[in-house]
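A.B. asks: Residue numbers (our numbering): 3 to 127. Glycine is no exception: its CB is placed at the ideal position from the N, C-alpha and C atoms. Let me give you the structure first, and then I'll get to my questions.
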Amino acid sequence: MVTLSLAITATAGTIDIPADYPTIQAGIDVAIEGDTVLVHPGTYFETEIGFHGKAILVSSLDPDDSLTVATTVVSGGGSERPFHFQAGEERSSVLAGLTITGGGIRGVAECSAPGVLRRSIAAES
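Below is the structure:
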């Protein structure tokens, strides 16, 4: 009798926005634990973007470059918050290097979980 054992290891991947998917939420939806959703410079009008409990990084091309951060904008359009961290998301759910704006009176992000904002600008427009 021959026993065959296969080990399958998932490796973290990178999902490019907008090259791979047109929206940040679409990229998050297909992401798996450990993936990076890499957001290229531009303005993205999206609301209630949620991580769905995933331990992923949503980042601009270079969170350490102030010009990249300033030109990678996620806007709620003036009336809705762009991001929503929910229960089940931990400190491994990270936003990095984005300018988040346009949430109106609802703010730029709701955090009912300890998701992390790193090197991002939260501003109201």
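1. For the alpha helix (DSSP H) that Ser68 lies in, which residues bound it at each end?
2. Identify whether Ala125 lies in helix, strand or coil by the three-state DSSP scheme.
3. With DSSP collapsed to three states, give me the class of Gly44.
4. Quick check: the Cα distance between Val52 and Gly80, rounded to an integer number of angstroms?
5. For Ser61, which residues does DSSP report across the bridge?
6. Which value, in whole angstroms, describes the spacing of the CA atoms of Ile10 and Thr16?
7. Are the beta-carbon atoms belonging to Ala72 and Ile123 less than 9 Å from one another?
8. Determine the closest residue to Glu35 out of Ser95, Thr25 and Pro65, with distance taken between C-alpha atoms.
9. I need the DSSP call for Asp22, collapsed to helix, strand or coil.
C.D. replies: So, to answer that:
1. Here residue 68 is taken as the residue at index 66 of the sequence shown, counted from 1. Note, Ser68: alpha helix (DSSP H), Ser68 to Thr73.
2. The sequence position of residue 125 within the sequence shown is 123, counting from 1. Correct three-state label for Ala125: coil.
3. Taking the sequence shown and counting its residues from 1, the one referred to as residue 44 is at position 42. In this structure, Gly44 counts as strand in the three-state DSSP scheme.
4. By 1-based counting over the sequence shown, the position of residue 52 is 50. By 1-based counting over the sequence shown, the position of residue 80 is 78. According to the sequence displayed, residue 52 carries Gly and not Val. When rounded, the distance between both Cα atoms is 18 Å.
5. The residue labelled residue 61 in the question sits at position 59 within the sequence shown. According to DSSP, Ser61 bridges with Leu40 and Ala98.
6. Position 8 of the sequence shown, counted from the first residue, corresponds to residue 10. Position 14 of the sequence shown, counted from the first residue, corresponds to residue 16. Residue confidence is low: Ile10 scores 48 on pLDDT, short of 50, so the model does not pin down where it sits. Its coordinate-derived value is still stated next. If you take the alpha carbons of Ile10 and Thr16, they lie about 19 Å apart.
7. By one-based count along the sequence shown, residue 72 stands at place 70. By one-based count along the sequence shown, residue 123 stands at place 121. Yes.
8. Position 33 of the sequence shown, counted from the first residue, corresponds to residue 35. Minimum Cα distance to Glu35 is reached at Ser95.
9. Taking the first residue of the sequence shown as 1, we reach residue 22 at position 20. In this structure, Asp22 counts as coil in the three-state DSSP scheme.
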